[in-house]
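Colleague: I am attaching a structure below and will ask some questions about it afterwards.
Protein chains: 2
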Amino acid sequence: MPPGRRERKKAATRQKIADTALRLFLERGYDAVGIREVAAEADVAVTTLFSHFASKEALVFEQDEDFEQRLTRAVTGRAPREPLMPALRREIHVLVGHCTGEGADPVWRMIDGSPALREYEESMRLRHAESLATAIAADPGPARTPTACRTIARFVIDAYALARGAADPQAAVDEIFEMIEAAWAASGTA
Amino acid sequence: MPPGRRERKKAATRQKIADTALRLFLERGYDAVGIREVAAEADVAVTTLFSHFASKEALVFEQDEDFEQRLTRAVTGRAPREPLMPALRREIHVLVGHCTGEGADPVWRMIDGSPALREYEESMRLRHAESLATAIAADPGPARTPTACRTIARFVIDAYALARGAADPQAAVDEIFEMIEAAWAASGTA
DNA sequence: ACCGTAACACTAACGGTTAGTGTTTTGGAA
DNA sequence: TTCCAAAACACTAACCGTTAGTGTTACGGT
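These protein sequence lines map, in sequence, to chains A and B. What the first sequence shows, in our numbering, is residues 1331 to 1520, in sequence order. What the second sequence shows, in our numbering, is residues 1331 to 1520, in sequence order.
Pasting the structure below:
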């Protein structure tokens, strides 16, 4: 069945809150805008805002599931018989490209400018690493231990985080992935 | 010169606050004890408490510099001509042993039981990784790029975090370090 | 003996978050 | 169509961690 009127209204409210928040944050800075202000501007109650978003930071990372899904799909949806690591390397290249360089979203600039947001993002990525580990564990091919899968997943997340802060992000991705590939190969020979 | 009365008093106040906080946290749970309560029980003002500790979580990780120093010293203070990675592996073995198993501190149990504390610890370790990266970069032997050093430092921190959550922590340390050693070797051949 | 400074205290607030308590809207059952 | 249970929404009032502002001691060095 198609989404009913109720769900559409709910989605609209959520979107209006997110849009309003992002606009205010970009206009005047993340720290300078309070939750009460966002709620007032979006014309909802504070409690309504928190029924749609778990925290103030979550307003900024509205579509954080994108990141998670892109990673797991890079594993599960890659071409048949394509090795795992090159596929992940390609995906990280793209993701790093989205948030670095001259043409980067102003949103990413804002995130990089606020320690609170950077920290929130890091712990969010850690959760994503668990999904990635699950996807890797379910992958056919040479079996790995659960620990090895979790380890590689975290290494991949590290690659993303480290490359973002490097002078030449794209080169850093390649450099780090050389190390990750070696680690991955070693995990198959234990 | 020996520490004067003033510094002794300051240290005593700090210690009293930390002891009181830890006692209350263990008695009734971290989340169930408020800052105002800790301050009252330690007989100091709330502002005084925050002049000694940057946050509520910092009360629990009072001696977090230990961890940082142990890691950097495992690098800088190891036996001459001993390879880097085995030294780090040994240190991680010890550190993981401290907070797992039957005889683990009740403090570690409390940390594992509170998401807020676990998250705080993770971001603390990330800061430690930077120090470790610096120590590794300054190490003699085959030179590595700054990116490679940071990467390996993060991998080592990952080993600690992952091993703590594994079924057999000590075995996990060894398994993960096999992968780290491979990554480290690969970083020297780029 | 004195002064600058650092520790400490107190009040009052700020900002994020939640509990408690209704009120409206809506999808589906009768 | 009518009615109900659930879900979204609103409002007040608070809680909690944290900080600014403003003093007040107490100490170490001169």
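Idealized CB from N, CA, C, for every residue including glycine. Keep in mind that this is a model prediction, so the values were computed, not measured.
Pick out whichever of S1385/A, E1460/A, A1473/A and G1518/A has its Cα sitting closest to the Cα of F1485/A.
Modeller: Checking every option, the nearest Cα to that of F1485/A belongs to E1460/A.
Colleague: Grab the span of the alpha helix (DSSP H) containing Y1360/A for me, first residue to last.
Modeller: Element bounds for Y1360/A: n/a, residue is neither H nor E.
Colleague: Are the CB atoms of I1365/A and K1386/A within a distance shorter than 7 Å?
Modeller: In this structure, I1365/A lies closer than 7 Å to K1386/A by Cβ.
Colleague: Examine chain B for any beta-carbon lying closer than 7 Å to the beta-carbon of L1379/A, and answer yes or no.
Modeller: Answer no: the Cβ-Cβ gap between L1379/A and chain B never drops below 7 Å.
Colleague: Would you say D1394/B reaches chain A, if we count a Cβ-Cβ gap shorter than 7 Å as a contact?
Modeller: Output row for D1394/B: interface = no.
Colleague: Got a sec, what are the start and stop residues for the alpha helix (DSSP H) S1461/A sits in?
Modeller: Element bounds for S1461/A: P1445 to A1467.
Colleague: Suppose you measure from the CA of I1506/A to the CA of R1403/A; what does that come to, to the nearest Å?
Modeller: Rounded to whole angstroms, I1506/A to R1403/A spans 21 Å at the Cα level.
Colleague: Taking just the CA atoms, how far does H1382/A sit from A1409/A?
Modeller: Straight-line Cα distance between these residues: approximately 37 Å.
Colleague: Using CA atoms only, rank isn't needed, just tell me which of A1516/A, L1456/A and A1348/A is closest to Y1490/A.
Modeller: Measuring from the Cα of Y1490/A, the nearest candidate turns out to be L1456/A.
Colleague: Specify the secondary structure class of F1391/B as computed by DSSP and reduced to three states.
Modeller: DSSP places F1391/B in coil when its eight states are reduced to three.
Colleague: Using the Cα positions of V1405/B and P1470/B, report the straight-line distance between them to the nearest angstrom.
Modeller: The alpha-carbon atoms of V1405/B and P1470/B are separated by roughly 10 Å.
Colleague: Closer than 7 Å, CB to CB, is A1496/A near chain B or not?
Modeller: Chain B contact via Cβ: present.
Colleague: Counting only runs of 4+ residues fully inside the stretch 1378–1424 of chain A, write out the alpha helix (DSSP H) ranges in chain order.
Modeller: Taking only runs of at least 4 residues, the alpha helix (DSSP H) segments lying wholly in the stretch 1378–1424 of chain A are 1386–1390 and 1394–1406.
Colleague: Measure the Cβ-Cβ separation of L1462/B and L1401/B and say whether it is below 7 Å.
Modeller: In contact: L1462/B and L1401/B (Cβ atoms closer than 7 Å).
Colleague: Can you have a look at T1519/A and say buried or exposed, based on whether 16 or more other CB atoms are within 10 angstroms of its CB?
Modeller: Classification of T1519/A: exposed, given that the 10 Å Cβ count is below 16.
Colleague: Any beta carbon from chain A within less than 7 Å of M1454/B's own beta carbon?
Modeller: For M1454/B, the answer is no, since every Cβ of chain A falls outside 7 Å of its Cβ.
Colleague: On a CA-only basis, which of R1480/A, T1377/A and E1421/A is nearest A1513/A? Give me that one, please.
Modeller: Measuring from the Cα of A1513/A, the nearest candidate turns out to be R1480/A.
Colleague: Helix, strand or coil for G1334/A? Go by DSSP, reduced to three states.
Modeller: The answer is coil: DSSP assigns G1334/A none of H, G, I, E or B.
Colleague: What is the rounded straight-line gap between the Cα of Q1500/A and the Cα of A1493/A?
Modeller: Using only the alpha carbons, I get a separation of about 7 Å.
Colleague: With distance defined between alpha-carbon atoms, name the residue in G1431/B, D1396/B and D1373/B nearest to A1342/B.
Modeller: Among G1431/B, D1396/B and D1373/B, the Cα nearest to that of A1342/B belongs to D1373/B.
Colleague: Using only the alpha-carbon positions, how far apart do V1390/A and A1369/A sit?
Modeller: Looking at the two C-alpha atoms, the distance is approximately 14 Å.
Colleague: Tell me whether the beta-carbon of M1509/A lies closer than 7 Å to the beta-carbon of A1417/B.
Modeller: Not in contact: M1509/A and A1417/B (Cβ atoms no closer than 7 Å).
Colleague: DSSP three-state label for D1435/B, please.
Modeller: Residue state, collapsed to three classes: coil.
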